[in-house]
Amino acid sequence: MPYRGYWDEEEEDSLRDAVQKHGIGAWERMRHDPEFKVLKGRTGVQLKDKWRNLIKFQHLRRGEAESAPRRIYQSHQPRARHRSSRKDSTGGGGSESGDDYDGQGD
Numbered sequence: 678m679p680y681r682g683y684w685d686e687e688e689e690d691s692l693r694d695a696v697q698k699h700g701i702g703a704w705e706r707m708r709h710d711p712e713f714k715v716l717k718g719r720t721g722v723q724l725k726d727k728w729r730n731l732i733k734f735q736h737l738r739r740g741e742a743e744s745a746p747r748r749i750y751q752s753h754q755p756r757a758r759h760r761s762s763r764k765d766s767t768g769g770g771g772s773e774s775g776d777d778y779d780g781q782g783d
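In this note's numbering, the protein residues as written are 678 to 783.
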């Protein structure tokens with residue numbers, strides 16, 4: 678289970694180094710990197726949120742945020758959508774059981 682307390686200096690330093698190594702956005706890769714074992718106890722979302730807070734509250738070294746590599750996402754083929762425009766078999770969009778509920782709870 679991930680740790681959910683305050684961040685200590687070792688964790689913050691490891692996050693900074695991990696972002697420099699893996700790039701912004703590679704949060705899960707950072708967690709699983711043996712070089713940054715201290716980050717294993719945090720979730721990827723916690724890493725992302727901490728990084729954003731370090732930027733927001735200007736707790737980074739001068740130029741650190743700008744020099745962090747951005748993770749390049751591979752473009753994927755768009756998935757075909759399989760939406761049906763047909764109405765249900767009852768013909769009017771009602772419930773399948775045929776019960777008409779008027780919403781008044783009687």
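Even for Gly, the Cβ is constructed at its ideal location relative to N, Cα and C.
Q.
Please list the terminal residues of the continuous alpha helix (DSSP H) segment that includes A703.
A. By one-based count along the sequence shown, residue 703 stands at place 26. Careful: A703 lies outside any alpha helix (DSSP H) and carries neither H nor E.
Q: Take K717 as the anchor and find which of S744, W704 and W728 has the nearest alpha-carbon.
A: For the purposes of this step, residue 717 is identified with residue 40 of the sequence shown, where counting begins at 1. Ranking the options by Cα distance to K717, first place goes to W704.
Q: Measure how close the beta-carbons of M707 and L724 come, nearest whole angstrom, since I'm counting them as under 8 Å.
A: For this step, residue 707 is matched to residue 30 along the sequence shown. For this step, residue 724 is matched to residue 47 along the sequence shown. Rounded, the Cβ-Cβ distance is 6 Å, consistent with contact.
Q: Could you check if E687 is buried or exposed, using at least 16 other CB atoms within 10 Å of its CB as the buried criterion?
A: Residue 687 sits at position 10 when you count from the first residue of the sequence shown. By the neighbour-count rule (16 or more Cβ atoms within 10 Å), E687 is not buried but exposed.
Q) Looking only at C-alpha atoms, which of K727, Y683 and Q735 sits nearest to A695? A) Here the question's residue 695 lines up with position 18 in the sequence shown. Considering only alpha carbons, the answer is K727.
Q: Taking the CB atoms as reference points, tell me whether A745 and G682 lie closer together than 8 Å.
A: Residue mapping note: residue 745 aligns to position 68 of the sequence shown, counting from 1. Residue mapping note: residue 682 aligns to position 5 of the sequence shown, counting from 1. Cβ atoms of A745 and G682: not closer than 8 Å.
**Q.** Spatial distance of W684 from H709 (CA atoms)
**A.** Against the sequence shown, residue 684 aligns to sequence position 7. Against the sequence shown, residue 709 aligns to sequence position 32. The straight-line gap from Cα to Cα measures roughly 18 Å.
Q. Can you give the Cα-Cα distance for L737 and P711, rounded to whole angstroms?
A. As a working note, residue 737 is residue 60 in the sequence shown. As a working note, residue 711 is residue 34 in the sequence shown. The straight-line gap from Cα to Cα measures roughly 23 Å.
Q: Excluding the 5 residues preceding and the 5 following Q697 in the sequence, name in chain order all residues of the same chain whose CB lies nearer than 7 Å to its CB.
A: In the sequence shown, residue 697 corresponds to position 20, counting from 1. Counting only Cβ-Cβ distances below 7 Å, and skipping sequence neighbours, we find A745.
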